[in-house]
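Peer 1: Numbered as in our numbering, the sequence shown ends at 329 without a single skipped number. Mind looking over this structure? Questions follow.
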Amino acid sequence: MNKVILILSDALRYDVAKANMGFLGHLVETKQASLYKIIGELPSLSRPMYETIHTGLTSSEHGIVANSMVRLSAKPNIFQAVKDSDKITAAAAYSWFSELYNHAPYDPIDDKEVDDETLAIQHGRFYTEDEYPDVELFFSAAHLVRKFLPDYLLVHPMGMDYHGETFGADTKEYRSHAIYQDKKLAPLIMEWRERGYTIFVTGDHGINADGDHGGTTSDQRDVPLLIIRSGVKGRGDTGEVVSHLQIAPTILNLLEIPIPETMKHFPLI
Ligand SMILES: [Zn+2]
61 MNKVILILSD ALRYDVAKAN MGFLGHLVET KQASLYKIIG ELPSLSRPMY ETIHTGLTSS
121 EHGIVANSMV RLSAKPNIFQ AVKDSDKITA AAAYSWFSEL YNHAPYDPID DKEVDDETLA
181 IQHGRFYTED EYPDVELFFS AAHLVRKFLP DYLLVHPMGM DYHGETFGAD TKEYRSHAIY
241 QDKKLAPLIM EWRERGYTIF VTGDHGINAD GDHGGTTSDQ RDVPLLIIRS GVKGRGDTGE
301 VVSHLQIAPT ILNLLEIPIP ETMKHFPLI
């Protein structure tokens, strides 16, 4: 049975990921992974793109058009679809994910750690500080895998966004953090693939030299999409441009869950 992990690295730029993430580059080079470029949906902002990636809808279609909009998702989404199919959902993610799929507004005490089968994110480990160390987040995610074997797990580190917004994207700090994430993820990706998971790596948006995002330039919107499958060869660097809108139907297709009518884009696999 297929299981999926989505590593959504906040503000991971396409060019910086390709140049600095050497373990992922190895998987691409040896065709153990497929690499695509995503020209990100707009606006290139976090909360709208979290919902776009999980619903397969544009921001004006799902209605979360600004980071300031604090409410639950009102559209069919990956978490709800997986839960409704009696499969297990989990996330180690920023608190805005709890607000989109579990409870809004977020209660930093009640909502921080949840294990509740009635919620859309059944096993959640959430954080509120942008500088929350990625490695701690990765260990929480890895623990969720070992303990619950979720069918769908979201892993959402904030380190690229934090370093990009603090120092700007054209800096040692931002680029070095891509190397750091790659190094910390490498052994976990090997373990998860060994356990039979298909692993996706992408970003919600990019970031520019000013440390900003929200606009339309390629540095603010272009992100990578890597797909690493267990026991199935990849296509290497495909050179193809795909859409954020294809991620949700691709994940549900892999999980053999009916794709909601609202998700109109073709699955990649
Ligand atoms: Zn973001």
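Ideal Cβ placement from N, Cα and C applies to all residues, glycine included.
In chain order, what are the residues with a CB under 6 Å from some non-hydrogen atom of ligand 1?
Peer 2: Matched residues: D70, A71, S106, D221, D264, H265.
Peer 1: In three-state terms, what does DSSP make of D171?
Peer 2: In the structure shown, D171 sits in coil (DSSP, three-state: anything other than H, G, I, E or B).
Peer 1: Buried or exposed: which applies to R131, given that a residue is buried once 16 or more other Cβ atoms fall within 10 Å of its Cβ?
Peer 2: Burial call: exposed.
Peer 1: Just to confirm the assignment: which complete beta strand (DSSP E) runs, minimum length 3, are found wholly within the stretch 239-299?
Peer 2: Listed in chain order, they are 257-262, 282-288.
Peer 1: Quick check on the DSSP output: what are the complete alpha helix (DSSP H) runs of length 4 or more inside the stretch 94-157, in order along the chain?
Peer 2: Runs of the alpha helix (DSSP H) inside the stretch 94-157: 106-115, 119-122, 138-144.
Peer 1: List the residues that DSSP assigns as beta-bridge partners of I65.
Peer 2: DSSP output for I65 lists L213, I259 as bridge partner(s).
Peer 1: With a threshold of 8 Å, are at least 3 pairs of Cβ atoms found where one atom belongs to the stretch 236-246 and the other to the stretch 279-289?
Peer 2: No: fewer than three Cβ pairs fall under 8 Å.
Peer 1: Comparing C-alpha positions only, which one of V142, K172, H114, R253 sits nearest to S155?
Peer 2: The shortest C-alpha separation from S155 is found at K172.
Peer 1: Can you give me the C-alpha to C-alpha distance between V215 and G296, rounded to a whole angstrom?
Peer 2: Going by the C-alpha atoms only, they are around 23 Å apart.
Peer 1: Near L117, which residues of its chain fall below 8 Å by C-beta distance, leaving aside the five closest residues on each side in sequence?
Peer 2: Excluding positions up to five away in sequence, the list reads E111, K135, L305, T322, M323.
Peer 1: Name the residue from S119, L87, F199, Y192 whose alpha carbon lies nearest to the alpha carbon of D264.
Peer 2: Here the closest residue by C-alpha is S119.
Peer 1: Within 6 Å: the Cβ of V174 and any heavy atom of ligand 2?
Peer 2: Because ligand 2 does not appear in the structure shown, any question about it cannot be addressed here, the ligands present being ligand 1.
Peer 1: If contacts are defined as beta-carbon pairs under 8 Å, then D230 and D190 qualify, I think. What distance do you get, rounded to the angstrom?
Peer 2: With a Cβ gap of about 20 Å, D230 and D190 do not count as contacting.
Peer 1: Whole-angstrom Cβ separation of I181 and A151, contact assumed at under 8 Å?
Peer 2: So it is a contact: roughly 5 Å between Cβ atoms.
Peer 1: In chain order, what residues of the same chain have a beta carbon less than 8 Å from the beta carbon of F326, not counting five sequence neighbours either side?
Peer 2: Once the five neighbours on either side are set aside, the close Cβ partners of F326 are Q306, P309.
Peer 1: List the residues that DSSP assigns as beta-bridge partners of V302.
Peer 2: For V302, which the question treats as bridged, DSSP gives the partners I98.
Peer 1: Where do the ends of the beta strand (DSSP E) carrying G184 lie?
Peer 2: Run containing G184: 183-187, per the beta strand (DSSP E) assignment.
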